[in-house]
Amino acid sequence: MWQIYHPEAAFSQSDKQELAAKITAIYESFLPRFYVNVFFHSIPKGGLFIGGEVANDFVRVTIDHIARSIDDPEMQQQFLRGCARVLEPYVAGRGYRWELHIDDTPFDLWMINGLKPPHPGTPAELKWRSENKPSTY
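Residue numbers (the UniProt record's numbering): 1 to 137.
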């Protein structure tokens, strides 16, 4: 789940669609597409402060990973670089300062539509990927 906090005029609807598609593409080779949620949170002018000062030129991205964790430090850095490549044209390329961080949420504390998601690589998860929706297993 990606949450993008941004100034009101930072992204058009088309930008949001493009960015959500690019973010989903990061994961689609190993996760069901519907696992990827992207929320855009528009912050009104004067509604964000950094160090006690108004910051109308800042984008904050928070990412919650639940389906997979990245434990290897090199893979963590590689993933962060991939996220930066996707984001930079929309943020730094438009003159915005930006920051992101990733939280790992325990897999065991997660449900979708009241169902416990199947473990990675299992036949049930492959079914969820192919159908692009949760189902009983």
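Glycine residues also receive a C-beta, built at the ideal position from the N, C-alpha and C atoms.
For S130, no beta strand (DSSP E) segment is defined; the enclosing uninterrupted segment is the alpha helix (DSSP H) at P123 to E131. Check the Cα spacing between H65 and each of Y90, G51, T136 and V38: the tightest is with V38. Assignment of E8 by DSSP, reduced to helix, strand and coil, places it in the coil class.
Listed in chain order, the non-local C-beta contacts of W110 below 7 Å within the same chain comprise I66 and P117, local neighbours out to five positions each way being set aside. Secondary structure note for F79: it is in no beta strand (DSSP E), and the uninterrupted alpha helix (DSSP H) holding it is P73 to L87. Taking all protein chains in view, the Cβ of H101 is surrounded by fewer than 16 other Cβ atoms within 10 Å, so the residue is classified as exposed.
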